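Trainee: Following full-length UniProt numbering, the numbering of the sequence shown begins with 1 at its first residue and continues without gaps.
Positions of the beta carbon are idealized from the N, C-alpha and C atoms, including for glycine.
Quick caveat: nothing in here was measured; it's all calculated off a predicted structure.
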Amino acid sequence: MNGVVNNAVRTSAFIVEQPGMLTLIQDEGRFGAHRLGLSTGGPADPLAFHWANRLCGNKLGVSALEVSVGGLVLEANVATRIAVCGAHMPLTINHRAKSLWRSHQVKPGDRIELGFANEGVRAYFAVAGGFDIPTIFGSTSTVVRESMGGLNGGKLQSGDVLPCKEDLNGRCFMLPRGYRPLYGHHAMLRVIPGYQQHSFSRQQQRRFFSHEYTVSIHSDRMGCRL
1 MNGVVNNAVR
11 TSAFIVEQPG
21 MLTLIQDEGR
31 FGAHRLGLST
41 GGPADPLAFH
51 WANRLCGNKL
61 GVSALEVSVG
71 GLVLEANVAT
81 RIAVCGAHMP
91 LTINHRAKSL
101 WRSHQVKPGD
111 RIELGFANEG
121 VRAYFAVAGG
131 FDIPTIFGST
141 STVVRESMGG
151 LNGGKLQSGD
161 VLPCKEDLNG
171 RCFMLPRGYR
181 PLYGHHAMLR
191 VIPGYQQHSF
201 SRQQQRRFFS
211 HEYTVSIHSD
221 RMGCRL
């Protein structure tokens with residue numbers, strides 16, 4: 001790890017002190033490779049991903065970090081702008097609380113922490129200019145199941161170095177509260193009935209559409225098991 005950190009001192013980058021429960025590098029996704037058996041990947045919450053990039057002045061599909069549940073701690077080794085959008089994870093810079101859905105200036109030595117989400121699941125950490133990550137089949141998106149994308153095909157680890165460009169003169173922006181999506185503990189799921197619905201009685205159908213469901217722990221980025 002010392003070699004990685006020492007190299008980071010000479011690089012405009014963020015150093016991962018604590019990776020959180022599951023933090024992945026994602027861009028817009030890996031398209032055109034389904035014939036090879038490769039998944040698209042990309043952000044699970046495209047709206048939050050796009051806004052995080054937009055608030056940093058980036059194109060919408062630029063590489064950012066997808067932070068699931070929270071617990072990410074980074075040290076900045078670069079002067080730039082960052083933005084965090086998505087699930088409500090307490091954001092602090094040098095132990096001072098900062099708002100989500102807006103961009104902030106950071107400088108070398110700053111410590112950025114994302115607490116654990118109390119609403120929603122995933123937030124997106126973007127940096128001006130995006131993270132400088134090599135592409136695989138045209139994308140940086142991480143698909144852990146395929147060991148594809150990101151830094152080493154998996155989630156971030158302590159000591160990882162995330163290269164990026166310096167940004168000294170950029171402006172900071174915010175998204176007005178009325179345009180921000182709501183993340184709560186309950187969600188309404190929409191269903192498109194198939195031809196098999198006639199195999200179920202009316203009572204069974206009413207029960208299906210009127211009951212509440214709990215998300216199982218056996219869920220991942222591919223889908224939620226109820």
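(1) Rounded to the nearest angstrom, what separates Q157 and N77 at their Cα positions?
(2) The alpha helix (DSSP H) with A48 in it runs from where to where?
(3) Short of 6 Å in beta carbon distance, which residues of its chain neighbour A52, apart from the five on each side in sequence? Order them along the chain.
(4) Alpha carbon to alpha carbon, what distance is there between Q196 and L100?
(5) Is the distance from the Cβ of E66 to the Cβ of T23 below 8 Å?
(6) Name the DSSP bridge partner or partners of C85?
(7) By a C-beta neighbour count over all protein chains shown, 10 Å radius and 16 as the cutoff for buried, is R221 buried or exposed?
(8) Rounded to a whole number of angstroms, what is the C-alpha to C-alpha distance between G32 and R225?
(9) Return yes when the Cβ of E119 is within less than 8 Å of the Cβ of Y179, no when it is not.
Mentor: Walking through what the data contain:
(1) Roughly 17 Å between the two C-alpha positions.
(2) That run of the alpha helix (DSSP H) goes 46-55.
(3) Result list for A52: A64, A83, C85, Y124, A126, in chain order.
(4) Their backbone Cα atoms lie some 44 Å apart in a straight line.
(5) Note that the C-beta distance between E66 and T23 is below 8 Å.
(6) According to DSSP, C85 shares a beta bridge with Y124.
(7) It is buried - the Cβ of R221 has at least 16 other Cβ atoms within 10 Å.
(8) If you draw a straight line from the Cα of G32 to the Cα of R225, it is about 28 Å long.
(9) Taking 8 Å as the Cβ cut-off, Y179 and E119 do not qualify as a contacting pair.
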